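The numbering of the sequence shown is the numbering used here, which starts it at 47 and goes up by one.
Note that CB positions come from ideal geometry on N, CA and C, so glycine has one too.
Small disclaimer: the values here were computed from a predicted structure and weren't measured.
In what follows, a structure is listed as structure tokens, so that the remarks can point back to it.
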Amino acid sequence: MPTKKQTTKTPLKITDTTFRDAHQSLFATRMRTEDMEPIAEDMDNMGFHSVEVWGGATFDVCTRFLGEDPWERLRDLKSLMPKTPFQMLLRGQNLVGYRHYADDLVKAFVEHSADTGIDIFRIFDPLNDERSLETAANAVKKSGKHFQAVICYSVTEEGHLGGPIFNLKYFLEKAVNMRDMGADSLCIKDMAGLLAPYDAFELVSALKNTIDIPLQLHMHYTSGLASMTALKSVEAGLDILDACLAPFALRTSQPAVKPLITTFRGGLRDTGLDLNKLIVLGEYLESIAPKYLHLLHSEKAGIVDPKVLSHQIPGGMASNLISQLKEADAIDRLNEVFEDLPITRKELGYPPLVTPTSQIVGSQAVSNVLFGRYKMISGQIKDYAYGLYGQPPVKMDPSVVKLALKGYPRGETPITGRPADYLEPELEKAKSDTKDIAKDIGDVLIYALYPTTGMKFLRIKHGLDPVPEEMKPKSLAQAQKELRLMANARSGKLAEKPTDKESIASPIISVPTTSRKGRLFNVYVGDEHYQIAVDPVRGINKSSIQRVEPTIAPDTTQLLPEIAAPDSEATSKNNNSTNIAENDIRIEAPMPGIIIRYEVKEGQKIKVGDPLVILEAMKMENTLPSPVDGIVKQLTQSEGAKVAKSDVLAIIAK
């Protein structure tokens, strides 16, 4: 559908994603509030349409990994940025979690978010099921805030706009439905960078001729199409575009804002943003980037992954799969997972690959490869098959539905109504569970969203438990030192030259030549392997000790928000137990994760297939069944414990 040629000046509006999706896409959402605050006031004065500061994975990562209260982040930034509208990404009835929550919890979350500082709520449903937007949308409107509805862009095997499912008719019908729900604006959300430039022109043109509310585009750069797609979308009449500051742009993030400003400068769509001021802000981000560079996937030479146009997996989902397989000691099976993914997605009814459906599909594909197809089915897959995530674009494979719902406690016949209508209220129970620790509704909501990790955070926040070392912020000096050490390791220099103070206790020794007495050793630094020649030390009194600064490897486990690294306190509580008889069965963790709860007690009689323990891995809850009849002899972990692959979780006496 052609659009009318624009003849009047209409500045293109820009939403900046630096404080949310940009670092979520590149750095596993690890940017801390302390690194946002120094430029917050300048960001507020830039003239952005809005700034995305919250939502998505930030809420979970703040409490699970950073030891930060997400509500406090919102308050702090709002106090520094009072002029620019704050925007958040809300996963519809999933809020900022990984399942559908009851209506009372959704209303309370939206209300408190609005009161704390959110002005624009970008609300999507991972299945594009409009019914799951209703409660959140109504709560936003009641709070007097802006409801931006979202259509998640997706394609099937044909790889472009069209085909039997995700065609122009599909998107236009969704847009009309969302406008009629009271949407103040509409966003096309392209998670994997699959929207091609001329498809974008066609889609935006058709939408502008069909609905009369502002249209916004959110893209990821993964495939390399985003800048071209942005240009054609603006030519078709797009009103608002998402972008971010250059140091946090490209790769799996958004397009950089500065080239876009230059592209439209002086024309009818001139943004009016000051390029020089943005350059200064970018320089600041460059200065603090060393804190987060260890989270980048540096094994890739370029910033574009053209393979995404084939496998269609969003960048964040792909990095999660890689990390999950590394944790499971199965990275060599990545190609098998990529092969299984489109099959699993088709069997699940072609859900758009966006959180949480991307994680549901991805984790099931990993399980299919590691344990056999649908031999291990997560609780989320069962809920999905039952209909608690809504209706997928097409019907699921009936054989998969049957497998998933076998013995499902809610019933073996899927529902067809609005999912939240089948959920019991949750808020009052959450208040009761936290009455001895929660200080306000924000604390209650943290627990309600993530009962296990949320409660652990609340205990840390209120001083009942110490702050774990891995949650403490890293200084810029520490980060720079780690980068130097890694560079030294790669060049074969495992020690740094001591400072003057260090020289007093440890004199500088010149690097000697290698002797024939040297021996070759394998050294592993994180995931990297080096061969190091080691010589006897010559010219030093035998009684002296030369201190060498150890090499510090990056914490690659933090690439994966949903799986925490094992720690000495919580892991392997009784893995070395001597209370194991010859015929006892050891139940081991098939992958790293967190113990959500045990379904049995010590001394209890069990049968084959009885659920033993719920293990959260890959953000999914996995029920581990008993492989034998017997008696539960020992439960070797505590609820909330972090476990590694092969850690013993229980001992069964036959």
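Looking at C-alpha atoms only, which residue of the options is the closest neighbour of residue i?
{"i": "V674", "options": "E662, S684, A699, A376", "result": "A699"}
{"i": "Y144", "options": "T308, P402, G208", "result": "P402"}
{"i": "D489", "options": "E472, P471, H508", "result": "H508"}
{"i": "I60", "options": "L241, A302, W100, S445", "result": "A302"}
{"i": "I423", "options": "T480, I677, E118, E662", "result": "E662"}
{"i": "L136", "options": "R379, H192, A635, L387", "result": "H192"}
{"i": "I259", "options": "I334, Q437, G283, V99", "result": "G283"}
{"i": "T181", "options": "Q194, V152, I164", "result": "V152"}
{"i": "I164", "options": "V97, N223, M237", "result": "V97"}
{"i": "Q133", "options": "A195, A148, E114", "result": "A195"}
{"i": "G701", "options": "F384, A86, K421", "result": "Past the boundaries of the shown model lies residue 701; the chain is included only from 47 to 700, so the question cannot be answered."}
{"i": "I640", "options": "D656, N668, G649", "result": "N668"}
{"i": "V659", "options": "K651, F170, A635, K679", "result": "A635"}
{"i": "S299", "options": "K527, I626, K691, A74", "result": "A74"}
{"i": "P671", "options": "K679, I652, G686", "result": "I652"}
{"i": "W117", "options": "G425, D88, V142", "result": "V142"}
{"i": "P465", "options": "L126, A148, D479", "result": "A148"}
{"i": "D429", "options": "L416, I406, R391, D443", "result": "I406"}
Alpha carbon to alpha carbon, how far is residue i from residue j?
{"i": "I591", "j": "A525", "result": "Note that I591 has pLDDT 34, beneath the 50 cutoff, so the model's placement of it is unreliable and no number is given."}
{"i": "L214", "j": "C233", "result": "15 angstroms"}
{"i": "K39", "j": "K452", "result": "Given that the chain is displayed from residue 47 to residue 700, the structure contains no residue 39 and the question cannot be resolved."}
{"i": "L695", "j": "E645", "result": "12 angstroms"}
{"i": "K124", "j": "L491", "result": "20 angstroms"}
{"i": "T130", "j": "T459", "result": "48 angstroms"}
{"i": "L240", "j": "V354", "result": "8 angstroms"}
{"i": "I677", "j": "V654", "result": "11 angstroms"}
{"i": "W100", "j": "I631", "result": "46 angstroms"}
{"i": "M666", "j": "T256", "result": "39 angstroms"}
{"i": "R121", "j": "I359", "result": "34 angstroms"}
{"i": "D351", "j": "F111", "result": "28 angstroms"}
{"i": "H357", "j": "K254", "result": "30 angstroms"}
{"i": "K304", "j": "L522", "result": "26 angstroms"}
{"i": "T462", "j": "G205", "result": "29 angstroms"}
{"i": "K235", "j": "L287", "result": "11 angstroms"}
{"i": "Y216", "j": "R225", "result": "14 angstroms"}
{"i": "L271", "j": "A242", "result": "6 angstroms"}
{"i": "I307", "j": "D81", "result": "25 angstroms"}
Specify the secondary structure class of residue i as computed by DSSP and reduced to three states.
{"i": "M237", "result": "coil"}
{"i": "H192", "result": "strand"}
{"i": "P600", "result": "Its pLDDT being 31, under 50, P600 is placed unreliably in this model, and the value from its coordinates should be taken loosely. In the structure shown, P600 sits in coil (DSSP, three-state: anything other than H, G, I, E or B)."}
{"i": "F310", "result": "helix"}
{"i": "F94", "result": "coil"}
{"i": "P444", "result": "helix"}
{"i": "G101", "result": "strand"}
{"i": "D489", "result": "helix"}
{"i": "G639", "result": "strand"}
{"i": "K691", "result": "coil"}
{"i": "Y267", "result": "coil"}
{"i": "S684", "result": "coil"}
{"i": "K215", "result": "helix"}
{"i": "E648", "result": "coil"}
{"i": "F170", "result": "coil"}
{"i": "G205", "result": "coil"}
{"i": "P657", "result": "strand"}
{"i": "K421", "result": "coil"}
Given a threshold of 16 other Cβ atoms within 10 Å of its Cβ, counted over all protein chains shown, does residue i qualify as buried or as exposed?
{"i": "R505", "result": "exposed"}
{"i": "R168", "result": "buried"}
{"i": "L367", "result": "buried"}
{"i": "Y244", "result": "exposed"}
{"i": "K55", "result": "exposed"}
{"i": "D320", "result": "exposed"}
{"i": "S231", "result": "buried"}
{"i": "G418", "result": "exposed"}
{"i": "S445", "result": "exposed"}
{"i": "A252", "result": "buried"}
{"i": "I389", "result": "exposed"}
{"i": "T79", "result": "buried"}
{"i": "S684", "result": "exposed"}
{"i": "E219", "result": "exposed"}
{"i": "P471", "result": "exposed"}
Hey, is residue i's beta-carbon within less than 7 angstroms of any beta-carbon in chain D?
{"i": "F73", "result": "Absent here is chain D; the protein component of the structure consists of one chain."}
**Report entry** Cβ pair count under 8 angstroms reaching 3, the region 103 to 119 against the region 494 to 514
**Finding:** Result yes; three or more Cβ-Cβ pairs closer than 8 angstroms.
Query raised in the report: Between the region 184 to 191 and the region 201 to 215, do three or more beta carbon pairs fall short of 8 angstroms?
Result: Short answer: they don't touch.
Requested in this report: Indicate whether the contact test is met: 3 or more Cβ pairs, each with one atom in the region 326 to 336 and one in the region 372 to 384, closer than 8 angstroms.
Outcome: Contact check between the region 326 to 336 and the region 372 to 384: fewer than three CB pairs, one atom from each, fall below 8 angstroms, which does not count as touching.
Query raised in the report: If we count Cβ pairs, one from each stretch, closer than 8 angstroms, do we get three or more for the region 287 to 297 versus the region 57 to 74?
Result: With a cut-off of 8 angstroms on Cβ pairs, the region 287 to 297 is in contact with the region 57 to 74, counting three or more such pairs.
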